[in-house]
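For the record, the sequence lines run as chains P and W.
All the letters of the first sequence, read from the start, carry residue numbers 126 to 544 under this note's numbering.
All the letters of the second sequence, read from the start, carry residue numbers 126 to 544 under this note's numbering.
Number of protein chains: 2
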Amino acid sequence: MTNRIVARYWIETAHPLEKAAAVMAGEQSAGTFVRVPGETPELVERHGARVETITELSASDTPSLPGSKPPKGTLQPHYRRAEVVLSFPFENVGTSLTTLYTTVSGNLYELGQFSGLRLLDVDIPEEFAAVYPGPAFGIDGTRRLSGVYDRPLIGTIIKPSVGFSPEQTAEVVKTLCEAGLDFIKDDELQTNSPHSPLKDRVATVMRVIREYAEKTGKKVMYAFNISGDIDDMLRGHDLVLAHEGTCVMLNLLSVGLAAVSHMRRHAALPIHGHRAGWGALTRHPALGMDYSAAQKLFRLAGADHLHVNGLRNKFCESDESVMASARACTAPLFGGYQAMPVFSSGQWAGQAPDTFSALGHTDLIYLAGGGIMAHPGGIAAGCASIKQAWAAAMQGIPLDHYAAMHTELKQAIEMYGTL
Amino acid sequence: MTNRIVARYWIETAHPLEKAAAVMAGEQSAGTFVRVPGETPELVERHGARVETITELSASDTPSLPGSKPPKGTLQPHYRRAEVVLSFPFENVGTSLTTLYTTVSGNLYELGQFSGLRLLDVDIPEEFAAVYPGPAFGIDGTRRLSGVYDRPLIGTIIKPSVGFSPEQTAEVVKTLCEAGLDFIKDDELQTNSPHSPLKDRVATVMRVIREYAEKTGKKVMYAFNISGDIDDMLRGHDLVLAHEGTCVMLNLLSVGLAAVSHMRRHAALPIHGHRAGWGALTRHPALGMDYSAAQKLFRLAGADHLHVNGLRNKFCESDESVMASARACTAPLFGGYQAMPVFSSGQWAGQAPDTFSALGHTDLIYLAGGGIMAHPGGIAAGCASIKQAWAAAMQGIPLDHYAAMHTELKQAIEMYGTL
């Protein structure tokens, strides 16, 4: 007997909860709701999804999403909310990650019975581990390649997002290396473009990084955005490797799940996973999915680093959601498969204590743009201020106290603390 | 001077419209909103996205999506709605389909300035045609391979969705061939599973289809769902081809854009594109995107058939939206690139006249499950009833009149007409 795939959902429906849950189970498996020829009791027993639990929550007189169809003849529909746990036979899916995704999401979002449906989490049977090895580098490999231990990797993103030539990019990288950064990445918008061909960008940037490493012993990790078609990504990866680069970046949602797992099988470098486009799948609380579910699929596919936004970010996501995502990325899967969460968006020294206390460890990449670049003491001071903030956080010293002895942190608080 | 990429959005914001649109343009290009070092006027001129037009629409006192941040100090935010057209320099993107997708969607959905943001359409510069050949078969190739001209392909889906062995599937296929179907497909949930390995399913099903073709001259098109990891899909395609199959199916959103374009480069068979999971991206009108935008990306990637739901479907989508999607799939792109729309969900003979009059042609695949299987005269009668309905529609004869002379259609109207 193999394990079943278990998925947890938040639903809202004007139909009886048991009936609504049965529709979900039927739509996403052998069908138990509308009987068709050949659908024997044995087949349903073996291949039907099961409703494991239904936990009723609140209710509302207005539907969260438009387009749902209340039971016929209902004059004043009452929309009940519940958490529903379904389980799916492993036999239906096999060890295909893309079929797993189709099975736990798929047509569910379009079902007329629901005025809200969101995938909250998914438990994946261990059979998948035999096929998907997961992150090849993860936390340990990233620390080994970057030489940064016992604190977060402090990083930044090349800005402007697009527009720099390979030579201009390399110049900025030189400045960033000298400023003490551990990690630099391309913007998600910058891939292999006419004004900055990947070939030239890799060559010029890696020359700077290698030279700095030869001089100082510190090799800065640069995540080259190789996102594109499959063959372009394979070539891009090999190019980065040939120039002794230590990281490649993928726009996970743009290239897709099959592309990520394909790159993982080929890659000899950590995969930095950006989630551009994620908002469309998660922004409305009654639709789409939580990152708790999505990040598992991307970890299985092989992403080593996963973006999780940041505390007090410039986007719409709440701090609770950000921290839940970050914890999810490092929660072991099959006893391992940990990815490094990447904090980004509106980050400066100030969020270090709260991030550390909420997470309880420093296995993360902490990206700051303005929080480093706009520091009144310059880029090196900006980088130093963040390292100081993390040192304070790890020692349990309030930032203000620590700042009394550390000029760069003091300046950062003066600059950003009132924003 | 190359063309620019043009994208049209529906937005809702408590910020001044001009400012909000500038934030969109800045976030998705070189940035024009928050200036960073190196962002020269020349760079912004060359690489910045441009706000082309802003057309104010209605307004509301309540935000469509939670999490947005009104301007500081606003006590009673007023949420303005508008259609915004942005254009992006080709130089930023190059001819990468996945970067195009990141550029026109990406982080936009998460921006705190917006309580609603939806991508309505995208105009893609002709430069992409040199890299992405689009549907290899499209309408003409599908008609040639199926031998069906001057009317829709009438098809069905193997049900139960999952659970049949390859032998059981082949038995059903035999019945369906004899019933006069033109097209049969795997369910989106049925890929390469332990109880129905693709290898065995292709062999048993194609034996039946070949035998029927040898006997009658009619080769039914079967869309085998080869969705999975890249290497699995390549092997799956070659297997179908080796057994003289004429179609492969991909779950477009599960495998992703890079996988679809990779398969297109390899495929010697039409790609049947299923959009399971699409609801998450489109169900809320203030979030995600219209199919008018998404279908263009999938056509460029090379999908020959694209699911569009159906009139009076069992899901939440309105008839207007269904027909807009279907028209979009056949609207020429770069003077070609037409995909065949696939109508499915709750379809029977009854929707033929409205589908034909709204579309104006018969270049489509019309899938019915219960509308064929549950026909009181049996499967052959179910299939005949749909062909009769299309014949009536194409001749402009009301279904009721045509039914007077055609028993199967008459039975269908009696059976389904009152549902």
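Ideal Cβ positions, reconstructed from N, Cα and C, are used throughout, including at glycine.
- Closest by C-alpha distance to A304(W), out of P196(W), G507(W), D354(W), is G507(W).
- Boundaries of the alpha helix (DSSP H) harbouring A529(W): 524-530, taken from the DSSP string.
- Taking 4 residues as the shortest admissible run, the region 199-271 of chain W contains the following complete alpha helix (DSSP H) segments, listed from N- to C-terminal end: 215-218, 222-229, 263-271.
- Here the alpha carbon of A426(P) sits roughly 15 Å from the alpha carbon of A453(P).
- Against N317(W), the close residues of chain P are G219, S221, T224, in the order they occur along the chain (beta-carbon pairs closer than 9 Å).
- Nearest to D311(W) by C-alpha distance, out of L534(W), S510(W), G494(W), is G494(W).
- Ranked by Cα distance from R437(P), the options D415(P), Q420(P), A474(P), M465(P) are led by A474(P).
- M448(P) and A483(P) have their C-alpha atoms spaced approximately 7 Å apart.
- Per the C-alpha coordinates, the member of V131(P), M149(P), R175(P), Y541(P) positioned closest to P250(P) is V131(P).
- Interface flag for F440(W) against chain P is set, since a Cβ pair is found closer than 7 Å.
- Classified as exposed, Q201(P) has fewer than 16 neighbouring CB atoms from the shown chains inside 10 Å of its CB.
- Residue burial is scored here from C-beta neighbours: L406(P) has at least 16 other C-beta atoms within 10 angstroms and is therefore classed as buried.
- If you ignore the 5 residues before and after L323(P), its C-beta comes within less than 6 Å of the C-beta of N317, G361, all in its own chain and listed in chain order.
- Annotation note: the region 313-393 of chain P contains the following uninterrupted beta strand (DSSP E) runs of length 3 or greater, listed N- to C-terminal: 346-350, 372-376.
- Under the Cβ distance rule, N232(W) counts among the residues neighbouring chain P, one pair being separated by less than 7 Å.
- When the five nearest sequence neighbours on each side are left out, no beta carbon in the same chain lies closer than 8 Å to the beta carbon of E336(P).
- Short of 6 Å from the beta carbon of K144(P), and not among the five residues preceding or following it, lies no beta carbon of its own chain.
- With respect to the C-alpha of G521(W), the residue from A401(W), F481(W), N376(W) having the closest C-alpha is F481(W).
- Three or more Cβ pairs closer than 8 Å define a contact, and the region 371-381 of chain W meets that threshold against the region 392-401 of chain W.
- One alpha carbon belongs to F289(P), the other to Y226(W), and they sit about 21 Å apart.
- Taking 7 Å as the upper bound on Cβ-Cβ separation, chain W lies near residues Y234, E235, L236, G237 of the region 234-253 of chain P.
- For H368(P), the CB contacts under 7 Å within the same chain, skipping 5 residues up- and downstream, are V327, A328, M331 in chain order.
- Using beta-carbon distances, V273(P) does not count as an interface residue toward chain W, since no partner is under 7 Å.
- Between G502(P) and Q536(P), the gap from beta carbon to beta carbon is short of 7 Å.
- Counting only residues of its own chain and dropping the five nearest sequence neighbours on each side, T487(P) has a CB closer than 6 Å to the CB of R276, P277.
- Chain W has no Cβ within less than 7 Å of the Cβ of I136(P).
- Exposure of D265(W) is indicated by the presence of fewer than 16 other C-beta atoms within 10 angstroms of its C-beta.
- Within 9 Å of the CB of R171(W), the CB atoms of chain P belong to G288, H320, in sequence order along the chain.
- Judged by DSSP secondary structure, L458(P) falls outside any beta strand (DSSP E); it is assigned neither H nor E.
- The beta carbon of L406(W) sits closer than 7 Å to some beta carbon of chain P.
- Looking at the DSSP output, G398(P) bridges to L375(P), L431(P).
- Under DSSP, T178(P) takes part in a beta bridge, and its partners are V210(P).
- Residue state for R171(P) is assigned as helix, using DSSP reduced to three classes.
- Assignment of S154(W) by DSSP, reduced to helix, strand and coil, places it in the coil class.
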